[in-house]
Structures are given as structure tokens and as C-alpha cells.
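Scroll down for the structure; my scribbles are underneath it.
In full-length UniProt numbering, the protein residues as written are 1 to 373.
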């Protein structure tokens, strides 16, 4: 054994837990599935730990399914890794067209993982969400058949971090700050959206967003929006800010826009929408109310590249690319699957912008795309 084990006191793990993580990498690299490991005494000497600590570490690996401890005949490396798969967890109603981004990302990840020789399985959560609403996933986790989880939807009631840690299952989140995550650069998106609207001479800018955090009567993007407005010498009218209806509720964007438009006699001359699903309702309301875009109202919105629900009114669109997202997820998942260190465990992706302009005839059903940095 070339590598010796050194405990790291700063980590919030017991010594056997630290040793089990170390051994997981070492043993998988040195032994083939079904091969018998050296004795407890030999291993404890090699890694300079006590036999008791080593037994505890091997027990953890056995519980995780990596080792097969056969009392009286030795400890063997399990072939579980060949039977494990990557779990892709989706919590949205896939029958809704709004799910395009996650469906595209899910299919992209499945194709790429298959090409790389890794099995994957899609889990559809429902009801309460997470494991409570996804019994198949709960069973697979218990049976040690899940090697890594990619959370295509944020599910609060998924198995606790302690359960996943005890099974050695890493979890990659989208849109949330966790140990491993990929998310769009929302801050830059909001700032660039305000910059584009202000550069066009708009001074009364409204905003529609969504955040599950309602404590401060404003979510993820409101503070950045306020800062961006101040940078351009513009005031924020709180009556023109809405963010308390989930994009998953049909008609939520439609309702939020109408609330803003009807709130005062003086109307906003621009609006920033930070969620593509909400925007579908916003543009429906704009068309129904015969609001002239961009003459009466200039629009900047988040969009999804390749979406089946395109923007059909003139707008500045900051796009999230599902395939770029997928590549970022894979750059985290592949080292985890190969028991290697992840170079960039947290990734924030920038967005490309494009302008959707009305045709020469003034029709908003025909659009001209021009890519902008």
C-alpha cells in the first residue's frame, strides 16, 4: 500500500467515517469486484490505524454496499458499482409544457451518461415531493443501488443529508446553494436586464420574480434589482414588484402582471421578468390588454434556449442553455462517479442575450433574432 491514511481533524466526521472515505478510493483502485481483501491485521498495519478503527470503517463500507463481509472467510470487494445508477430526480408535472428545460436537460444527461458507460434512471416525485412521494427512489437508496443523485427539481422532503451521507450518495443540486450545485448567474442577469432597459431610456421599471423565500416580501432577485436601479439613478416602486405566486400555478404570470398594471394610474414603461414560466403568462396578459410593445412597455425576460414556448413579443432575452447546464452537471458528476476530487463543485453559469424585434410591418408574430454578448 503506497498511500497512508492521515486523519483530518477539521472535518465533521468521525475517524472511522474519514477512513471509510479514504478506503473507498483506495480499495476500488486496487482490487477487482469479488476479490478478497487482506486481513484486518494487514490492512490496519498498512494504513497505520487500530484494528478496531479499521473494522468500523469496513463496516461502514459494507453498509454502503461496497464490501461483502463474509464471517469466517474474509472481506470481498462487492460488484455493487456495476449495478448502481445515477438517479435523475424530477418533481414537476412533465405533462406541462413549462417543464421543457428540465425535460431537455434530463434527456441530455441520460444520453451523455449512456455514452460514457454509466446507467441512469429517472425518478418522478409527486405528492409531498422527494422520497415521501417517490417510493421507488426510497427503495433504491435503501438497497444501495443509487450511486449519485442529480436533483433536476429542488425537493425539500428528499431523504435527509444524513441518510445520503451514510450511504455515500453525493447529491448535485440545480438552482440551490449546496455542496455540489450548478445554477445560472441570476445576479448578472438582473443587472444586465436593468442596464438594457435603462439604456433604452426607460425609467419606470417593474419586476416579476419568483422565490420560495417570502420572509422579506421579496425573493432572490429583489435586492439585486434595487441595487441595479440605484446604479442607474432609478427609483423602485414596490407596487410594481411581484414575486409571491409559483410559476407552477397556471396563470400565475398573467395574474401578477395584471396586478402591477392595475396598481396605479401611472404605468411602468418597462418590465423585467426573472422566470421563463412566469413570462408565458405575462406575454399573454400583454397581448390581451392590447399593450403596445415596446412603445408603451419594453420587456426583458429570462428564457430557455430551444424552448417550445418562444417569446412572440419584442423583448430582450437572457437565455439559459440546457446543454451547457448538462455539461456543467457532468463535470461534477463524473469525478464523483469515479471516486475522484471534483475540481469545481460549485458552478454559476453566465447567460447569452438576444434581442427579439418586431418585423417591419409591426407584427409581433414574426420575430428577428440578433445575438448579443
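From the three backbone atoms N, C-alpha and C, an ideal C-beta is built for every residue, glycine too.
Residue j beta carbon less than 7 Å from that of residue i
i	j	result
residue 57	residue 23	yes
residue 376	residue 356	Nothing can be reported for residue 376: it is not among the residues displayed for the chain, which extend from 1 to 373.
residue 339	residue 49	no
residue 303	residue 287	no
residue 44	residue 51	yes
residue 170	residue 134	no
residue 256	residue 313	no
residue 146	residue 172	no
residue 196	residue 270	no
residue 77	residue 47	no
residue 278	residue 306	no
residue 290	residue 181	no
residue 85	residue 112	no
Buried or exposed (CB count within 10 angstroms, at least 16 for buried), residue i
i	result
residue 215	Since pLDDT at residue 215 reaches only 40, below the 50 mark, its modelled position is unreliable, and the value read off the structure follows with that caveat. Exposed, since its Cβ has fewer than 16 Cβ neighbours within 10 Å.
residue 241	buried
residue 192	buried
residue 326	buried
residue 217	Its pLDDT being 43, under 50, residue 217 is placed unreliably in this model, and the value from its coordinates should be taken loosely. It counts as exposed.
residue 230	exposed
residue 131	Only weak support is given to the placement of residue 131: the predicted model assigns it a pLDDT of 44, under 50, and the question is left unresolved by the model.
residue 102	buried
residue 228	buried
residue 295	exposed
residue 136	exposed
Span of the alpha helix (DSSP H), counted from its first residue to its last, around residue i
i	result
residue 85	Element bounds for residue 85: not the alpha helix (DSSP H) but the beta strand (DSSP E), 85-90.
residue 14	Counting along the chain, residue 14 falls outside any alpha helix (DSSP H), and DSSP gives it neither H nor E.
residue 57	51-63
residue 236	Unbroken run through residue 236: none, as it is neither H nor E.
residue 329	322-337
residue 282	276-288
residue 258	252-262
residue 105	100-115
Endpoints, the beta strand (DSSP E) within which residue i is located
i	result
residue 271	270-273
residue 303	298-304
residue 124	120-124
residue 355	352-358
residue 183	180-184
residue 173	171-174
residue 347	346-349
residue 313	Here residue 313 belongs to no beta strand (DSSP E), and DSSP marks it neither H nor E.
Neighbourhood of residue i by C-beta, 6 Å cutoff - its chain only, sequence neighbours within 5 removed
i	result
residue 168	64
residue 268	204, 206, 240
residue 124	90
residue 198	232
Expected contact under 8 Å - CB spacing of residue i and residue j to nearest Å
i	j	result
residue 186	residue 274	7 Å
residue 87	residue 121	6 Å
residue 53	residue 16	6 Å
residue 342	residue 272	Residue 342 to residue 272, Cβ: 34 Å. No contact.
residue 351	residue 184	6 Å
residue 258	residue 285	6 Å
C-beta neighbour in chain B for residue i, strict 7 Å
i	result
residue 87	Checking the listed chains, one finds no chain B in this structure; it contains a single protein chain.
Close-in-space but distant-in-sequence residues of the same chain around residue i (CB under 7 Å, 5 per side omitted)
i	result
residue 264	239
Contact set for residue i: own chain, Cβ-Cβ below 8 Å, skip 5 residues either direction
i	result
residue 66	24, 27, 28, 77, 78, 80, 81, 168
residue 70	76
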